[in-house]
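Engineer: Mapping to this note's numbering: the sequence shown position 237 is 400, numbers consecutive. Ideal Cβ positions, reconstructed from N, Cα and C, are used throughout, including at glycine. Computed from a predicted structure; not experimentally measured. The structure's right below; bear with me while I get my questions together.
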Amino acid sequence: MSEVSVESGQGARRVPARGPLVGEVERELGVKDDGQPGPLVLITAGMHGNEPAGVMAARRVIAELADRPTAGRVVALAGNLGALRRGERHGGQDLNRLWTDPILAELLERDPAEDRPDEAEQRELLRIIEGERERAKAAGREVLLLDLHSTSAGGGPFSVVPDVIASRRLARAIGLPVVLGLEQRIEGPLLTWIVGQGEVGVVLEGGQHEDPQTEEVLSHALRVALDHAGVTHMDRAAARRSRACIDTIRGGVPPVLDMVYAHPVEPEDGFVMEPGWTNFKRVCAEQALGLQRGEVVQAPIDSYMLMPLYQGLGTEGFFLCTPVGRLWLVASRVVRRLRLDRALRLFRGVRAVRPAGAGVVCSPETPRGTESWLALFGYRTSTTDGDQVLWTRRSRD
Ligand SMILES: [Zn+2]
164 MSEVSVESGQ GARRVPARGP LVGEVERELG VKDDGQPGPL VLITAGMHGN EPAGVMAARR
224 VIAELADRPT AGRVVALAGN LGALRRGERH GGQDLNRLWT DPILAELLER DPAEDRPDEA
284 EQRELLRIIE GERERAKAAG REVLLLDLHS TSAGGGPFSV VPDVIASRRL ARAIGLPVVL
344 GLEQRIEGPL LTWIVGQGEV GVVLEGGQHE DPQTEEVLSH ALRVALDHAG VTHMDRAAAR
404 RSRACIDTIR GGVPPVLDMV YAHPVEPEDG FVMEPGWTNF KRVCAEQALG LQRGEVVQAP
464 IDSYMLMPLY QGLGTEGFFL CTPVGRLWLV ASRVVRRLRL DRALRLFRGV RAVRPAGAGV
524 VCSPETPRGT ESWLALFGYR TSTTDGDQVL WTRRSRD
């Protein structure tokens, strides 16, 4: 297999240019660092072992950088090596659900010899990521995470984006449909942890696991992201090609959507999704979407379908998204930048928590629908304490 050197600044490493995945995947898929100022871009791929397209895209794009001048530092890492070798999603635990403070604290206290397979993978990834972040901080580099995934459902690719302005900006530049509101519903993904550390991050869902186009989409998305981050300077023709490919794939799907409804299912419900649903297919209110406990499940609103459950067990049967207008995007930028949180006191039953920006508490008299206003200010995560609900937002937003 041919190899290329992709690091010219600090001790060249050698990585495979292309090649079969199974049995050959290594933790470090490639590093490119010409010793120039610029961001640290962390690319993670194969956090789920049944999603090899991201690994192939990361290898391909980092190999392309070998003979080109770059700014900053790009580090591409494979996530779950054991699961990738076996072609399975995980080794008993889901590596992309382990990035919570309690789980990480336990990991750091535990004897590594007692790690289960996915925990051992996490320990190694954490060590590398933290080392890279530390060096980046010392060098004054911005840190960006691009986490590559694929889905079981067909239909269009998309990006999962925390509703933080800097992450939104990166995702908008990449051009895949941006889905807000989904990330904070998932427990313990790497994305949430890294954004919680104040970094910029997006998850790129490139399409269906086995679809050959998925690697293509993820490669184009990576090229555009590296260009946007200032790592590379694409020539116009290449930039046009990548953006045209992403635009074609996006089709008529709105550029930004908010996940507004998640349909809960329990294993004993015997939930069966109606056939034929794919990501971003239009949904009409009251349309039949599935069967649950012998009853028809109807769509509550006009919307777009996301991740219909067709295989395996899941805790959600499907998600529904609605388009986010330009005005909302601009307004949310303005109110956050100008720290207009005081305006929230105009809402009945809403009070701010000290220090400023730490959160807002809603009481029982808060009118329904206030949540959508809180989201405008970036308050999207809620915890309930008795009849009070505390809403918090990300730091540095
Ligand atoms: Zn995944």
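Are the beta-carbon atoms belonging to residue 516 and residue 507 less than 8 Å from one another?
Structural biologist: To locate residue 516, count along the sequence shown from 1; it is residue 353. To locate residue 507, count along the sequence shown from 1; it is residue 344. In this structure, residue 507 does not lie closer than 8 Å to residue 516 by Cβ.
Engineer: Using the rule of at least 16 other Cβ atoms within 10 Å of the residue's Cβ for burial, across every protein chain shown, is residue 231 buried or exposed?
Structural biologist: Within the sequence shown, residue 231 is the residue found at index 68, counting from 1. So residue 231 counts as exposed.
Engineer: Got a list of residues with beta-carbon closer than 7 Å to any non-hydrogen atom of ligand 1, in chain order?
Structural biologist: 210, 211, 214, 259, 312 and 313
Engineer: Please confirm whether residue 483 and residue 469 have their CB atoms less than 8 Å apart.
Structural biologist: What you label residue 483 is simply residue 320 of the sequence shown in a count that begins at 1. What you label residue 469 is simply residue 306 of the sequence shown in a count that begins at 1. Closer than 8 Å, so yes.
Engineer: Relative to the C-alpha of residue 337, which candidate in 249, 366 and 314 has its C-alpha closest?
Structural biologist: Locating residue 337 in the sequence shown gives position 174, where the first residue counts as 1. Residue 366 is the option with its Cα nearest to residue 337.
Engineer: Whose C-alpha, out of 528, 548 and 489, is nearest the C-alpha of residue 539?
Structural biologist: Position 376 of the sequence shown, counting from 1, holds the residue named residue 539. The shortest C-alpha separation from residue 539 is found at 489.
Engineer: Per DSSP, what kind of secondary structure is residue 466 in: helix, strand or coil?
Structural biologist: Reading the sequence shown from its first residue, position 303 is the one you call residue 466. Looking at residue 466 - three-state DSSP - the assignment turns out to be strand.
Engineer: Please name the residue or residues paired with residue 208 in a DSSP beta bridge.
Structural biologist: The residue given as residue 208 occupies position 45 in the sequence shown. According to DSSP, residue 208 bridges with 241 and 311.
Engineer: Spatial neighbours of residue 211 within its chain, please: C-beta separation below 6 Å, excluding the five flanking residues on both sides.
Structural biologist: Residue 211 sits at position 48 when you count from the first residue of the sequence shown. Excluding residues within five positions, the ones whose Cβ falls inside 6 Å are 252.
Engineer: Going along the chain, which unbroken runs of the alpha helix (DSSP H) with 4 or more residues stay wholly within the segment 368-441?
Structural biologist: 375-391 and 399-413
Engineer: Given residue 397, which residues of its chain have a CB within under 6 Å of its CB, disregarding the five upstream and five downstream residues?
Structural biologist: By one-based count along the sequence shown, residue 397 stands at place 234. Closer than 6 Å at the Cβ level, and outside the excluded window around residue 397, lie 390.
Engineer: Taking the alpha-carbon positions, what's the residue 196 to residue 438 distance?
Structural biologist: On the sequence shown, residue 196 is found 33 positions in, with the first residue counted as 1. On the sequence shown, residue 438 is found 275 positions in, with the first residue counted as 1. For residue 196 and residue 438, the distance between alpha carbons rounds to 48 Å.
Engineer: Evaluate residue 478 with the Cβ neighbour count: other Cβ atoms within 10 Å of its Cβ, from every protein chain shown; 16 or more gives buried, anything less gives exposed.
Structural biologist: For this step, residue 478 is matched to residue 315 along the sequence shown. Counting Cβ neighbours within 10 Å, residue 478 comes out exposed, since fewer than 16 surround it.
Engineer: Check residue 263 in the structure and name its three-state DSSP category.
Structural biologist: Within the sequence shown, numbered from 1, the residue matching residue 263 stands at position 100. Coil at residue 263, not helix or strand.
Engineer: Tell me which same chain residues have a C-beta within less than 6 Å of the C-beta of residue 552, skipping the five on either side of it?
Structural biologist: Position 389 of the sequence shown, counting from 1, holds the residue named residue 552. For residue 552, the CB contacts under 6 Å within the same chain, skipping 5 residues up- and downstream, are 525 and 545 in chain order.
Engineer: Straight-line CA distance for residue 305 to residue 359?
Structural biologist: Here residue 305 is taken as the residue at index 142 of the sequence shown, counted from 1. Here residue 359 is taken as the residue at index 196 of the sequence shown, counted from 1. Each residue's alpha carbon lies about 15 Å from the other.
Engineer: Take residue 335 and list the residues in its own chain whose beta-carbon comes closer than 8 Å to its own, dropping the five residues that flank it on each side.
Structural biologist: By 1-based counting over the sequence shown, the position of residue 335 is 172. 341, 418 and 419, listed in sequence order.
Engineer: Do residue 240 and residue 284 count as a contact pair if the criterion is CB distance below 8 Å?
Structural biologist: Numbered from 1 along the sequence shown, position 121 holds the residue referred to as residue 284. Numbered from 1 along the sequence shown, position 77 holds the residue referred to as residue 240. Not a contact, by the Cβ cut-off of 8 Å.
Engineer: Considering only residues of the same chain and omitting the five flanking positions on each side of residue 328, which have a CB-CB separation below 7 Å?
Structural biologist: In the sequence shown, residue 328 corresponds to position 165, counting from 1. These residues qualify, in order along the chain: 496, 499 and 560.
Engineer: Evaluate contact between the segment 198-205 and the segment 301-320, counting only Cβ atoms and requiring at least three cross-stretch pairs below 8 Å.
Structural biologist: yes
Engineer: If residue 310 sits next to residue 354, beta carbons under 8 Å apart, how far is it from one beta carbon to the other, in whole angstroms?
Structural biologist: Indexing the sequence shown from 1 puts residue 310 at position 147. Indexing the sequence shown from 1 puts residue 354 at position 191. Contact holds; Cβ gap of about 6 Å.
Engineer: From residue 349 to residue 257, what distance separates their C-alpha atoms?
Structural biologist: One-based indexing of the sequence shown puts residue 349 at position 186. One-based indexing of the sequence shown puts residue 257 at position 94. Between residue 349 and residue 257, the C-alpha separation is close to 12 Å.
Engineer: In chain order, what are the residue ranges of uninterrupted beta strand (DSSP E) at least 3 long that sit wholly in the segment 296-346?
Structural biologist: 306-314, 321-323 and 341-343
Engineer: May I ask which residues mark the beginning and end of the beta strand (DSSP E) holding residue 451?
Structural biologist: By one-based count along the sequence shown, residue 451 stands at place 288. Segment 451-455, the beta strand (DSSP E) holding residue 451.
Engineer: Identify whether residue 514 lies in helix, strand or coil by the three-state DSSP scheme.
Structural biologist: Position 351 of the sequence shown, counted from the first residue, corresponds to residue 514. In the three-state reduction of the DSSP assignment, residue 514 falls in the strand class, which pools E and B.
Engineer: Would residue 392 pass as a contact of residue 204 if the rule is Cβ separation under 8 Å?
Structural biologist: The residue labelled residue 392 in the question sits at position 229 within the sequence shown. The residue labelled residue 204 in the question sits at position 41 within the sequence shown. Contact: yes.
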